[in-house]
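Number of protein chains: 2
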Amino acid sequence: MERKSSDRKARAPSGAAVQKIELTEALYRALFFEWAEHGFSALSLERVAARAGAGKAAIYRRWPGKLQFADEAVNALGLKMAAFGDKGSLEADIRAFHRRLRIVFRHPVVRKILPDIYAEAARSDEMKAISDRVAQTRRDEAKKVIDRAISRGELPEAIDRDIALDFLPSSIYWRMVVIKSSLSEAQLRLHAQGTTAALKSLW
Amino acid sequence: MERKSSDRKARAPSGAAVQKIELTEALYRALFFEWAEHGFSALSLERVAARAGAGKAAIYRRWPGKLQFADEAVNALGLKMAAFGDKGSLEADIRAFHRRLRIVFRHPVVRKILPDIYAEAARSDEMKAISDRVAQTRRDEAKKVIDRAISRGELPEAIDRDIALDFLPSSIYWRMVVIKSSLSEAQLRLHAQGTTAALKSLW
DNA sequence: TGTGGTTGAGACGTTACCGTTCCATTCATA
DNA sequence: TATGAATGGAACGGTAACGTCTCAACCACA
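From first to last, the protein sequence lines are chains A and B.
In case it helps, the UniProt record's numbering puts the first sequence at residues 1 to 203.
In case it helps, the UniProt record's numbering puts the second sequence at residues 1 to 203.
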């Protein structure tokens, strides 16, 4: 998103200095470190700027406030889950889904920031929007997994999709983000096995 | 916990005024409201005192700091899950477990504070201790459910208990606290059904 | 009823962050 | 190379919370 830089460029076709991309990225990095360290609500843009070796104007020129800054930073981080194709069976699909989740949840910064996003989403509509956007690709992939299983005949047409979508990520999220345990390859297999059984039992 | 009031009383056997319990409880209530509203890291004891209609000394005389205050408040809230006896089958036990979870997760304040506790637990050891203590009774009940199922022969002796304990609360937590959806009686039944199937598939 | 210790509420100085403004520097264009 | 717009960093006044301290009110006991 260069939303605002491009706005400005359009307004200034003649000679002009441009925002340094490297500083923008340094600001993103500093934001995430501070976020992980203090949580969003206690996040100080002053500290972020200092950590990035910049002045506060560098932030306020780029973004109108903390939320928009965080919003674009989250987008830039690419918290999105990588898509994947049909793995041939529900259990294989779920294993692939869990493995993608694990990749995301393994980032130490993600593990710290994600519960914070959810906590803050309970308080602010803007953060709710951010959290929804983060969840979007995950939910989309989960839906595809369910749909494929139905068309394979592994799950009944009439399955309660809401509940099915509850089961897909929950055990991994619980273990890795809430409890903060690691997840070995063998345990990942067992989680996929259990989740598959849970889904197949839903009718 | 009257930890410190009793200390003081012991040191002052002669005539003395005593901390008013009603004010202490008003402070707890104010703490929770402010906590839910601003999150722990942005929690201001000044606001808590004001909300309780008290001065700040009322807080600082009772507790050395925010964390200890929160610690005792959480204990006083009784976030502990109610114990329950053998319901005759694994699925019935799980349903009872989920129902107890639902009671706790339905409190609007709990729903806001719980993710915040977990987020903060990733940053501070003291909050980690609080969160562990909150989780204690839940984990104990979960273990009992597993043990009973094993002795009934519904689960194998060699079941991976870690994973089993992951599955027991995770889908309910995910739905009610992370996603913030409600959970109807029928959905609760399906969650128990799915969780039971997941556990039985783990060997 | 008087006395002594403890209480609750508010005031105080300090620190940290907010969001804005200022100014020298930098860079794309002419 | 000269120009001028937009930049980056720092300084500014204002606000809010911190943790401490003071002091009048209160309460249990003698």
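Glycine included, C-beta positions come from ideal geometry on N, C-alpha and C.
Using only the alpha-carbon positions, how far apart do residue i and residue j sit?
i      : j      : result
I172/B : G194/A : 16 Å
R161/B : K200/A : 22 Å
R8/A   : I59/A  : Note on R8/A: pLDDT 36, under 50, position unreliable in the model; no value is reported.
F33/A  : L23/A  : 15 Å
E37/B  : D86/A  : 43 Å
S124/B : I113/A : 14 Å
A12/A  : Q19/A  : Confidence in A12/A is poor, its pLDDT being 38 and thus under 50, which makes the residue's placement too unreliable to answer from.
G15/B  : L45/B  : Note on G15/B: pLDDT 38, under 50, position unreliable in the model; the coordinate value appears next. Approximately 30 Å between the Cα atoms of the pair.
M81/A  : L168/A : 14 Å
R133/A : S131/B : 28 Å
V178/A : I103/A : 16 Å
A158/A : W203/A : 7 Å
A192/B : G88/B  : 14 Å
E25/A  : A57/A  : 15 Å
S41/B  : S41/A  : 7 Å
L190/B : T196/B : 10 Å
P64/B  : G65/A  : 34 Å
A129/A : V110/A : 17 Å
D140/A : S170/B : 20 Å
G55/B  : G153/B : 59 Å
A49/A  : A49/B  : 32 Å
Any C-beta of chain A sitting closer than 8 Å to the C-beta of residue i?
i      : result
D71/B  : no
D116/B : yes
R123/B : yes
G65/B  : no
L202/B : yes
W35/B  : no
D132/B : no
R111/B : yes
F167/B : yes
S44/B  : no
R11/B  : In this prediction, R11/B has a pLDDT of 36, which is less than 50 and means its spatial position is unreliable; nothing more can be read from the coordinates.
G53/B  : no
S6/B   : Per-residue confidence for S6/B stands at a pLDDT of 34, beneath the threshold of 50, marking its modelled position as unreliable; the derived number appears in the next sentence. Chain A contact via Cβ: absent.
Do residue i and residue j have their C-beta atoms within less than 8 Å of each other?
i      : j      : result
A70/A  : L31/A  : yes
I150/B : Q187/A : no
F105/A : V145/A : no
L67/A  : M127/A : yes
L90/A  : L155/A : yes
Y118/B : P115/A : yes
E120/B : G53/A  : no
Looking only at its chain, what residues have a beta carbon closer than 7 Å to the beta carbon of residue i, apart from the 5 residues adjacent to it on each side?
i      : result
R175/B : S181, L183
R148/B : D86, D93
I21/B  : none
L43/A  : E34, W35, K66
R99/A  : L188
Excluding the 5 residues flanking residue i on each side, which residues of the same chain have their C-beta closer than 6 Å to its C-beta?
i      : result
A122/B : none
L165/B : A142
F84/B  : A96
R47/A  : E34
Is there at least one Cβ from chain B nearer than 8 Å to residue i's Cβ?
i             : result
residue 206/A : Coverage of chain A is limited to positions 1 through 203, which leaves residue 206/A absent and any answer about it impossible.
R175/A        : yes
S89/A         : no
E120/A        : yes
S171/A        : yes
S41/A         : yes
V74/A         : no
L27/A         : no
V178/A        : yes
H107/A        : no
Leaving out five residues on either side along the sequence, give the residues of the same chain with a beta carbon under 8 Å from the beta carbon of residue i.
i             : result
M1/B          : Model confidence at M1/B stands at a pLDDT of 33, short of 50, so the residue's coordinates are unreliable; what they give is reported in the following sentence. Result list for M1/B: E72, N75, A76, in chain order.
residue 238/A : Given that chain A is displayed from residue 1 to residue 203, the structure contains no residue 238/A and the question cannot be resolved.
T137/A        : K80, M81, A83
Which whole-angstrom value describes the C-beta separation of residue i and residue j, a residue pair presumed to lie in contact below a C-beta threshold of 8 Å?
i      : j      : result
A198/A : A198/B : 4 Å
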